[in-house]
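Numbering (this note's numbering), first residue to last: -18 to 143.
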């Protein structure tokens, strides 16, 4: 009986150590899966106050599959940021570089310690690396928004054109 308890305890300690080691290790390198482009809708922002809302399209690098999403950004600092249409593009990165239907339906956030002009937002299954924005006010808009929530606008993907 003692041997059994000792074996179980040893197994738990070894598993715990392996898990803890995994938490401290470097994250695995991600591969490009496609491009997500969001265009804000100033007319919808009026309904939600200072919360920017956008229509987004994800285009996969492999196979050219497309999927549409709706986005809600963090609350904007000023109303001036919301008065014009903003266009923001991100490179979508995944572990294997493949796209899956609905994979971006998630909450993406930037780490607090990140101080860069090209922020990366992290979700559960993918990350978003800022590629471009539409002008100076958009630069402030994209950089000041540490959170983006995405929801699939339609089930499944389409191929090729719109």
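Note that CB positions come from ideal geometry on N, CA and C, so glycine has one too.
Check: Excluding five sequence neighbours on each side, which residues of the same chain lie with their C-beta closer than 7 Å to the C-beta of residue 110?
Finding: Counting only Cβ-Cβ distances below 7 Å, and skipping sequence neighbours, we find 71, 72, 74, 99, 101.
Check: Going by DSSP, what residues sit across from residue 93 in a beta bridge?
Finding: The bridge partners DSSP lists for residue 93 come to none.
Next item on the list: May I have the straight-line CA-CA distance separating residue 153 from residue 87, to the nearest angstrom?
Entry: Outside the shown range of the chain (-18 to 143) lies residue 153, about which nothing can therefore be said.
Check: Cβ atoms of residue 78 and residue 41: under 7 Å apart, would you say?
Finding: No, the Cβ-Cβ distance between residue 41 and residue 78 is not below 7 Å.
Note to self: Tell me the residue span of the beta strand (DSSP E) that contains residue 72.
What the structure shows: Following the DSSP letters along the chain, one finds residue 72 inside the beta strand (DSSP E) bounded by residues 68 to 75.
Item checked: residue 12, buried or exposed, once every other Cβ within 10 Å from all chains shown has been counted against 16 -> Exposed, because fewer than 16 other Cβ atoms sit within 10 Å of the Cβ of residue 12.
Checklist line | residue 128 versus 64, 32, 84, 135, residue with shortest Cα-Cα distance | finding: Looking at 64, 32, 84, 135, the one whose alpha-carbon comes closest to that of residue 128 is 32.
Notebook entry, point to check: Less than 7 Å separating the beta-carbons of residue 48 and residue 39?
Noted result: Contact flag set, yes.
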